[in-house]
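Visitor:
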Amino acid sequence: AKAYTLKIHHEVYERHMRDLLAIPVVVGRKTDRERFAGATSTYTLEAMTGDGKALQMGTSHELGQNFAKAFDIFYSSQEGGRELAWTTSWGTSTRMLGGLIMCHGDDNGLRLPPLLAPTQVVVTMVKAFEGGHEAARSLTDDLAGAGVRVKLDDRVDTPFGRRAVDAELKGIPVRVEVGPRDLAAGNVTLVRRTDGSKTPIPLSEVVGAVTAALEADQKALYEEALGRREARTVDVSTLDEALEAAATGWARVPWSAVGVEGEALANQSAISVRCLFRADGEVPASQDEPDLTAILARSY
């Protein structure tokens, strides 16, 4: 049961958050105080939001036989006996959507990781002009043929600025703008949601440029979030220093400097121990192991 709990934690949740959501998470064990009621162990994945707070993105619980005893859950052993089950519980919820928004969003709206975005690219006609629709449709078809999730925005009766803002708010990773001046020169404009950059691209190179941008921006969002977390995480050695650092970011502190009494004191200031982990980053078997590191932070 313990092995399966950790398997789900690492191979499903951690991989999903890192590789698809582009959100770096710290993996660790909840303290006995923060452990799920009735569980023997609770493992957590903690992310930092844009304002420096922590968000519990998902948990896996080793329940031992506690719930099996309460609900009479038995199984038949290979020997034909009737054995009390060892159970687990694990899950994430809509908080993952909130974490995605709070981790990657900016003042202009969503910024969706390309691998996750329902629409990865929108080909946008700037306005109606001769040959414009044909060119935009051809680009849309070429991108779709390359496996890109793409839509054509040919709503030329709606102001271009409004449509551009709409795409930004929705977090569409890439816009390909088709305008008369660029097209006359054999180009279109590639706009990236991650940094707002605008680059003229020859028509013959659009598919390659777009796929490269999508791959790069998936990595860029992760690296940006990781950089922000490291910049706002302070290594400290005492509880007082940890409480000060956790007021505006994360504190990384020896668990021995906090302890059960320090954890209770931190809670009085709306600061909690988010998780514990070993020096090598692995999840400990209990909070009583020596040389553990704790993350302290305010949280949602």
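Terminal number for the sequence shown in this note's numbering: 1471, no gaps in between.
Using N, Cα and C, we set each Cβ at its ideal position, and we do this for glycine too.
None of these values were measured; they are calculated from a predicted model.
#1: Quick one: grab the DSSP three-state call for glutamate 1205.
#2: Counting only the same chain and skipping the five closest in sequence on each side, list residues whose C-beta sits under 8 Å from that of threonine 1311.
#3: What separation, rounded to the nearest whole angstrom, lies between the Cα atoms of proline 1455 and alanine 1468?
#4: Tell me the DSSP secondary structure of threonine 1365 in three-state form.
#5: Given a cut-off of 8 Å on the beta-carbon distance, is the pair lysine 1224 and serine 1440 in contact?
#6: Candidates Met1273, Met1296, Thr1230: which alpha carbon is nearest serine 1264's?
#7: Could you tell me how far apart the beta carbons of threonine 1365 and arginine 1282 are, in whole angstroms, since I believe they sit closer than 8 Å?
#8: Cα separation between arginine 1400 and phenylalanine 1300?
#9: Beta-carbon separation of alanine 1450 and valine 1424 under 8 Å?
#10: Methionine 1188 and alanine 1228 - do their beta-carbons sit closer together than 8 Å?
#11: For alanine 1239 versus threonine 1211, is the C-beta distance shorter than 8 Å?
#12: Quick check for students: name the residue ranges of the beta strand (DSSP E) that lie wholly in the segment 1344 to 1397, counting only runs of 3 or more.
#13: Report the residue from Thr1213, Val1319, Asp1353 whose alpha carbon sits nearest the alpha carbon of alanine 1288.
#14: Which partner residues of isoleucine 1466 appear in the DSSP bridge assignment?
#15: Here's a check: name, in chain order, each residue in its chain whose Cβ is nearer than 8 Å to the Cβ of leucine 1392, leaving out the five neighbours to either side.
#16: Kindly indicate the opening and closing residues of the beta strand (DSSP E) around phenylalanine 1245.
#17: Pull up the CB-CB distance for threonine 1290 and isoleucine 1343, whole angstroms please, since I reckon it's below 8 Å.
#18: For leucine 1216, which option in Arg1266, Lys1173, Gly1252 has the closest C-alpha, if you only look at C-alpha atoms?
#19: For valine 1429 and leucine 1410, I'd like the C-alpha separation in whole angstroms.
#20: Take the Cβ of glutamine 1249 as the centre, count every other Cβ of all protein chains shown within 10 Å, and call the residue buried at 16 or more, exposed below.
#21: Got a sec, what are the start and stop residues for the alpha helix (DSSP H) leucine 1340 sits in?
Guide: In this structure, then:
#1: In the three-state reduction of the DSSP assignment, glutamate 1205 falls in the coil class, being assigned neither a helical nor a strand state.
#2: So the qualifying residues of the chain are Val1294, Val1321, Lys1322, Leu1323.
#3: Each residue's alpha carbon lies about 20 Å from the other.
#4: Note: threonine 1365 maps to coil in three-state DSSP.
#5: No, Cβ-Cβ distance for lysine 1224 and serine 1440 is not below 8 Å.
#6: Nearest of Met1273, Met1296, Thr1230 to serine 1264, Cα basis: Thr1230.
#7: Indeed they touch by this definition, with Cβ atoms about 6 Å apart.
#8: Each residue's alpha carbon lies about 47 Å from the other.
#9: In this structure, alanine 1450 keeps its C-beta atom at 8 Å or more from the C-beta atom of valine 1424.
#10: First, the residue type needs correcting, since residue 1228 is methionine and not alanine in the sequence shown. It is a contact, given that the beta carbons lie within the stated cut-off.
#11: Cβ atoms of alanine 1239 and threonine 1211: not closer than 8 Å.
#12: DSSP runs (the beta strand (DSSP E)) wholly in the segment 1344 to 1397: 1345 to 1349, 1358 to 1363, 1369 to 1373.
#13: Minimum Cα distance to alanine 1288 is reached at Val1319.
#14: Beta-bridge analysis with DSSP links isoleucine 1466 to Arg1423, Cys1446.
#15: Correct list, in chain order: Ala1193, His1275, Arg1282, Pro1284, Thr1365.
#16: For phenylalanine 1245, the enclosing beta strand (DSSP E) begins and ends at 1245 to 1247.
#17: Cβ atoms of threonine 1290 and isoleucine 1343 come within 8 Å of each other, at about 5 Å.
#18: Minimum Cα distance to leucine 1216 is reached at Arg1266.
#19: Taking the straight line from one Cα to the other gives about 6 Å.
#20: Flag for glutamine 1249 reads exposed.
#21: Counting along the chain, the alpha helix (DSSP H) containing leucine 1340 begins and ends at 1331 to 1341.
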